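J.:
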Amino acid sequence: MSKDVDDPLLDHNYDGIQEYDNPLPGWWKLLFWASIVLCVPYTIYYHVMDGHSILDRFELDMKANVVSLNLTADGATILALRNDPEKLELVKGKFQTLCAACHRPDGTGMPALGPNLTDKYWKNVKSLTDIHRVLTNGVPGTAMVAQVSNLNKDELVLMSAYVASLSLNPKAGKEPEGEEVPAWPEEAQSKGSE
Amino acid sequence: MESFCYDDGIVRKFSLATMVWGLVGMLVGLLIALQLAWPQANMGLPWFSFGRLRPLHTNAVIFAFAGNAIFAAVYYSSQRLLKARMFSDALSNLHFWGWQLIIVAAAITLPLGITQSKEYAELEWPIDLAVVLIWVVFAVNFFGTIAKRRERHLYVGIWFYIATIIAVAVLYLGNNAALPVTLFKSYSAYAGVQDAFMQWWYGHNAVAFFLTTPFLGLMYYFLPKAAERPVYSYRLSILHFWSLVFIYIWAGPHHLHYTSIPEWLSTLGMLFSLMLWMPSWGGMLNGLLTLRGAWNKVAEDPVLKFYVVGVTFYGMSTFEGPMLSIKSVNALSHYTDWTIAHVHAGALGWNGFMTFGMLYWLMPRLFQTGKLWSHRLCVTHFWIGTVGILLYIVPIWTAGITQGLMWRALNENGTLMYSDFLDTVTKLRPLYWARVIGGTLYLAGAAMAAINMFQTWRMRPSRYEEPVIQAAALEKVYTGPSPKLSGNHGPIGRFAAMAWHRTWERKPITFTVMTTLAVVSASMFEIIPTFAIKSVVEPIASVKPYTPLEVAGRDIYVSEGCYNCHSQQIRPMRHEVLRYGEYSKAGEFIYDRPFQWGSRRIGPDLARVGNKLTTSWHVRHFNRPSDLSPGSIMPSYPWLLKDDLDFEAIQGKINALVKLGTPYEDAVKQDAVSVARAQADAVNAKLVSEAPEFAGKGMQNKKVIALTAYLLRLGTDISKDVEDKSAQNGSGAQEVGHGQSL
């Protein structure tokens, strides 16, 4: 190659290995300098100026996500929400992350663990507000874990309604456990008040 | 003139060890790849499960395969570059046999679950001590050879070897500081945030100074030798050597973006990683441009083919590394297979192919056969290996990006699109099968190299010749020429001409001291503030030490290698708090020795698992995870339900933790065993009330009870803090914290 003639060959020789002393490629020097200089604006933007830190941005992102529904944990609210699929969607994912491990993703229950939530048989529940109580505090001495530190107030109400909604479409699953609750007392109340 | 001959016997030994351990390490890699695609391959055996074998794979390929390759390269090239036989044949052999013994010790202890659980620093303290001893033997032998050299100036390859020896010593001693409890168990000298920082300062620089600098040294000798061309640029060597050595050390915290480390540390890690891009590419350029004018040779010589692909993969992964260290990219890639793909582009492409290139070049020379047994088999290895690398990394890149996107995908109403973690795992299984195929091809290539090596060895002469070399000893004082500068130069011009560096090159002590300073000073800029600044870890009043039973359970968690698949660190990101709960705080980890944040979520994060699941669920799940989560790829742990817990050992553990500053109450200090037994009885009572079939089975004595107690504790202390505060303020618990979304 003719270009080699121009290469400045040094008098170095190590076990036959020689060395040129070619200049550094311009783009290499440019990018190296750029990567050093970048530190200044980056640090100013993220560490000196306010509002750009990881936690600041996270708070902002979460604010956009937080909608307080201020739901009250009474039977009428749960009963109404039971037929509000749009609101129930809000906790459907939480059911998967928190409840499905024992009740299966479709709520049909798991041997020796969670009962079938889609039938009309209940172990510790006689009313819709009982669902909320069990969700909040768990059932001591059983595998049912308190969800008070996993769900907020709104979510506890919504999850109660979600669980109640499952029995509107009974599915074959684990054999019935507990006692049959053919109709919720709250349903009778709401009919009575009409 | 002095007469001497080189010691090639030691190079033959290290080369053979490279080949043998390479096959072993890659075979274990293939096995664990299979276990992810097909969990039945865990066999329900303790010593065969993924969590214990994954560290065996990483240690074997790093320290046994790459390690022996480095030593082969150092012993072959240093003798020739310094024109001297190794300082001491006895030390050479001690180094060789000592290192192999360490590897055997690792291969026995890691499957037994004897581990410190710090990635690439898993080996327990007695083996650590042996490593330090053998490293000192290596250093004495190497620097002794420099001292009796007959070549005045040190070549760039030697610079990289010096940096390797110094930096590995500093890193290894720094990260492995631990207090022994028994012969096979120790607790890290650091806890939580500081432990994580030290680990990734080490972990990242193990890549730098075990898988990069020595391989650059290797490249600088074997590549120009094979190409028979001068190195492209001496001044580029100088610049990229010093910038690499100084900048690499800072980059470790990029392994901990968005975790509980302070953000300034994260920023340092990212910015220095970006600065590292060009110094790394300096090495690539000097490698590839040395081949200018020799490309016709590349077409014929498989050795050069290996180098071209190896150096190209070096360039690729040193571009990808800085890219992955950018925080917002890392937000997607961290905890996914993207990191695994990145590592394997470097390991299979750069380390593997540079090693094979070197071995093929050495075979006819070491065995004095004049040629390889089979040129064709060598070329076949090259192609099958290259296809193997691509079949490995492309599916695993895809897997990483797929899973990262699935984790963060949100519905329009702000809820998780894939709320069942398992969905994000089952999606990857076809890609895991593709990796098994890629890995098989790569291993097949390595087997071809082994065959070629064996057959070439069989062609050896009945006695190896030992050519006698003649060279003059160095005079006491250097009287040779100093580089002259033509024309007029200002101070900057003189500096840029780098004549000063030529002076350093004939002063090995100065050179070594400067290298040490570069490595140590850069480290101290990060280490000192991380330990000294109080606000790095804000205390949380409700975070208390683990109970004695939980300590025993935690040690089982460590021993089984759970951290290989489960993180314990929730990042402050909307989708993470939706999935896992409140993000992790530095103050939660002050009693974590060692930290268990993990680096990959093959399973879900466990930082807040304590409030989520119950005793009987955990016990059943350990017995056979797929019973409770159909499609789960977690191994079964039936032995945890059968093996008795060693309660008596708990007191020693607590004593050690007290020595390290854990504030235990007197009752625990005096009789940790009784405290542990009482808690085990309570956990067992809970288990039996939930699941009567466990009644009378003596489960309170089993390992699973301790491990379950630990898991039920995980991440719960902070909610006690919220409860305490809300009790004081009279406000509802749910209004505090980010885990609560809606």
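Same order as they appear, the protein sequences are chains A and B.
Under our numbering, think of the first position of the first sequence as 1, with each following residue one higher.
Under our numbering, think of the first position of the second sequence as 1001, with each following residue one higher.
Backbone N, C-alpha and C fix where the C-beta goes; we use that ideal spot for every residue, glycine too.
What you are looking at is a predicted structure, and each value in this text was computed from that prediction instead of being measured.
#1: Helix, strand or coil: which one does DSSP assign to arginine 1460(B)?
#2: Is it true that the stretch 1567–1586 of chain B meets the stretch 1170–1185 of chain B, where meeting means three or more beta-carbon pairs spaced less than 8 Å apart?
#3: Does any CB atom of chain A fall closer than 8 Å to the CB of methionine 1278(B)?
#4: Exposed or buried, glutamate 1124(B), counting other C-beta atoms within 10 Å across all chains shown (16 or more means buried)?
#5: Under 9 Å Cβ-Cβ, which residues of chain B neighbour valine 48(A)?
#6: Quick check on alanine 1695(B): does DSSP put it in helix, strand or coil?
#7: Quick check on the burial criterion: 16 or more other C-beta atoms within 10 angstroms. Buried or exposed for threonine 72(A)?
#8: Determine whether the Cβ of tryptophan 1264(B) lies closer than 8 Å to any Cβ atom of chain A.
#9: Of all the options Arg1408(B), Phe1209(B), Lys1534(B) and Ala1196(B), which has the alpha carbon lying nearest to the alpha carbon of valine 1170(B)?
#10: In chain A, which residues lie less than 8 Å from glutamine 1579(B) when you measure between Cβ atoms?
#11: Indicate whether the contact test is met: 3 or more Cβ pairs, each with one atom in the stretch 80–90 of chain A and one in the stretch 136–149 of chain A, closer than 8 Å.
#12: Going along the chain, which unbroken runs of the beta strand (DSSP E) with 3 or more residues stay wholly within the stretch 1467–1526 of chain B?
#13: What residues from chain B crowd round serine 35(A), counting only those whose CB sits closer than 7 Å?
#14: Along chain B, which residues have their Cβ under 8 Å away from the Cβ of leucine 166(A)?
#15: How long is the line joining the alpha carbons of methionine 1278(B) and valine 1519(B), rounded to whole angstroms?
#16: What three-state label does DSSP hand tryptophan 122(A) in the structure shown?
#17: Just confirm the distance between the C-beta atoms of alanine 1105(B) and tyrosine 1591(B), as a whole number of angstroms; I'd bet it's less than 8 Å.
#18: Between which two residues does the alpha helix (DSSP H) carrying proline 1180(B) extend?
#19: Below 8 Å between beta carbons: does that hold for aspartate 21(A) and serine 1233(B)?
#20: So what does DSSP say about valine 148(A), is it helix, strand or coil?
#21: Distance check for leucine 1031(B) and leucine 1366(B), CA to CA, integer angstroms please.
#22: Please say whether glycine 1587(B) and glutamate 1538(B) have beta carbons closer to each other than 8 Å?
#23: Taking DSSP as the reference, what is the three-state secondary structure of glutamate 1648(B)?
#24: Between the C-alpha atoms of leucine 98(A) and glycine 1603(B), what's the straight-line distance to the nearest angstrom?
#25: Output yes or no for whether 8 Å exceeds the beta carbon distance between glutamine 177(A) and lysine 123(A).
#26: What distance in whole Å lies between the Cβ atoms of alanine 1449(B) and methionine 1019(B), which are believed to be in contact at a cut-off of 8 Å?
#27: Quick one: does alanine 172(A) have its CB under 8 Å from some CB of chain B?
#28: In chain order, which alpha helix (DSSP H) runs of at least 4 residues are fully inside the stretch 28–101 of chain A?
#29: Under a three-way DSSP split, which group does isoleucine 17(A) fall into?
#30: Between glycine 1388(B) and methionine 159(A), what straight-line distance do the alpha-carbon atoms span, to the nearest angstrom?
#31: For a test of the three-state rule: what should DSSP assign to lysine 1225(B), helix, strand or coil?
#32: With a cut-off of 8 Å on the beta carbons, I'd call valine 1425(B) and isoleucine 1633(B) a contact; round off their distance for me.
#33: Taking C-beta pairs closer than 9 Å, name the residues in chain A that alanine 1691(B) reaches, listed in chain order.
#34: So is valine 1231(B) in contact with chain A if we call contact Cβ pairs under 8 Å?
#35: Name, going along the chain, the residues of the stretch 53–74 of chain A whose beta-carbon falls closer than 9 Å to a beta-carbon of chain B.
#36: Going by alpha carbons, who is nearest to threonine 1212(B) out of Gly1321(B), Ala1147(B), Phe1138(B) and Val1136(B)?
T.: To lay it out plainly:
#1: As a position in the second sequence, residue 1460(B) is number 460, starting the count at 1. Looking at arginine 1460(B) - three-state DSSP - the assignment turns out to be coil, as it is neither helix nor strand.
#2: no
#3: Position 278 of the second sequence holds residue 1278(B). For methionine 1278(B), the answer is yes, since a Cβ of chain A falls inside 8 Å of its Cβ.
#4: Working through the second sequence from its first residue, we reach residue 1124(B) at position 124. With 16 or more other Cβ atoms within 10 Å, it is buried.
#5: Position 48 of the first sequence holds residue 48(A). By Cβ distance, chain B contributes nothing, its closest Cβ being about 11 Å from valine 48(A), past 9 Å.
#6: Working through the second sequence from its first residue, we reach residue 1695(B) at position 695. Of the three classes helix, strand and coil, the one that applies to alanine 1695(B) here is coil, per DSSP.
#7: Position 72 of the first sequence, counted from the first residue, corresponds to residue 72(A). The residue in question, threonine 72(A), is exposed, as its Cβ has fewer than 16 Cβ neighbours within 10 Å.
#8: To locate residue 1264(B), count along the second sequence from 1; it is residue 264. Taking Cβ atoms only, chain A reaches closer than 8 Å to tryptophan 1264(B), which makes this a yes.
#9: Position 170 of the second sequence, counted from the first residue, corresponds to residue 1170(B). When only C-alpha atoms are compared, the closest one is Phe1209(B).
#10: Numbered from 1 along the second sequence, position 579 holds the residue referred to as residue 1579(B). The residue you asked about is not glutamine; residue 1579(B) is arginine in the sequence shown. Identification of chain A residues near arginine 1579(B) by a Cβ-Cβ cut-off of 8 Å yields Thr97, ordered along the chain.
#11: no
#12: 1469–1471
#13: Counting from one through the first sequence, the residue named residue 35(A) turns up at place 35. Neighbours of serine 35(A) on chain B, chain order: Leu1274, Met1275, Trp1277 and Met1278.
#14: In the first sequence, the residue the question calls residue 166(A) occupies position 166. Going along chain B, no residue has its Cβ under 8 Å from leucine 166(A), so there is no contact; the nearest lies around 16 Å.
#15: Taking the first residue of the second sequence as position 1, residue 1278(B) is located at position 278. Taking the first residue of the second sequence as position 1, residue 1519(B) is located at position 519. Roughly 18 Å between the two C-alpha positions.
#16: Locating residue 122(A) in the first sequence gives position 122, counting from the first residue. Looking at tryptophan 122(A) - three-state DSSP - the assignment turns out to be strand.
#17: Along the second sequence, one-based indexing puts residue 1105(B) at 105. Along the second sequence, one-based indexing puts residue 1591(B) at 591. About 30 Å; that fails the 8 Å criterion.
#18: Residue mapping note: residue 1180(B) aligns to position 180 of the second sequence, counting from 1. No alpha helix (DSSP H) holds proline 1180(B); the beta strand (DSSP E) holding it covers 1178–1182.
#19: If you number the first sequence from 1, residue 21(A) lands on position 21. If you number the second sequence from 1, residue 1233(B) lands on position 233. For aspartate 21(A) and serine 1233(B), yes; Cβs fall inside 8 Å.
#20: Taking the first sequence and counting its residues from 1, one reaches residue 148(A) at position 148. Of the three classes helix, strand and coil, the one that applies to valine 148(A) here is coil, per DSSP.
#21: By 1-based counting over the second sequence, the position of residue 1366(B) is 366. By 1-based counting over the second sequence, the position of residue 1031(B) is 31. Approximately 33 Å between the Cα atoms of the pair.
#22: As a working mapping, residue 1538(B) is identified with position 538 in the second sequence. As a working mapping, residue 1587(B) is identified with position 587 in the second sequence. Yes, Cβ-Cβ distance for glutamate 1538(B) and glycine 1587(B) is below 8 Å.
#23: Position 648 of the second sequence holds residue 1648(B). It is helical.
#24: Mapped onto the first sequence, residue 98(A) falls at position 98. Mapped onto the second sequence, residue 1603(B) falls at position 603. Near 15 Å, if we compare the C-alpha coordinates of glycine 1603(B) and leucine 98(A).
#25: Residue 177(A) sits at position 177 when you count from the first residue of the first sequence. Residue 123(A) sits at position 123 when you count from the first residue of the first sequence. The sequence given here places glutamate at residue 177(A); glutamine does not occur at that position. The answer is yes: Cβ separation under 8 Å.
#26: Position 19 of the second sequence holds residue 1019(B). Position 449 of the second sequence holds residue 1449(B). That pair is a contact at about 7 Å.
#27: Reading the first sequence from its first residue, position 172 is the one you call residue 172(A). Taking Cβ atoms only, chain B never reaches closer than 8 Å to alanine 172(A), which makes this a no.
#28: 39–43, 54–65, 75–81 and 85–94
#29: If you number the first sequence from 1, residue 17(A) lands on position 17. Strand.
#30: The count along the second sequence starts at 1 and reaches residue 1388(B) at position 388. The count along the first sequence starts at 1 and reaches residue 159(A) at position 159. So the two alpha carbons sit approximately 49 Å from each other.
#31: Translated into positions along the second sequence, residue 1225(B) becomes position 225. Looking at lysine 1225(B) - three-state DSSP - the assignment turns out to be helix.
#32: Mapped onto the second sequence, residue 1425(B) falls at position 425. Mapped onto the second sequence, residue 1633(B) falls at position 633. Sure, about 6 Å apart at Cβ, within 8 Å.
#33: Locating residue 1691(B) in the second sequence gives position 691, where the first residue counts as 1. Here the neighbours are Ala112, Leu113 and Ala143.
#34: Translated into the one-based positions of the second sequence, residue 1231(B) becomes position 231. Output row for valine 1231(B): interface = yes.
#35: Listed by position, the residues of the stretch 53–74 of chain A near chain B (Cβ gap below 9 Å) are Ser53, Ile54, Leu55, Arg57, Phe58, Glu59, Asp61, Met62, Ala64, Asn65, Val66, Val67, Ser68 and Leu69.
#36: Position 212 of the second sequence, counted from the first residue, corresponds to residue 1212(B). The residue with the shortest Cα to Cα distance from threonine 1212(B) is Gly1321(B).
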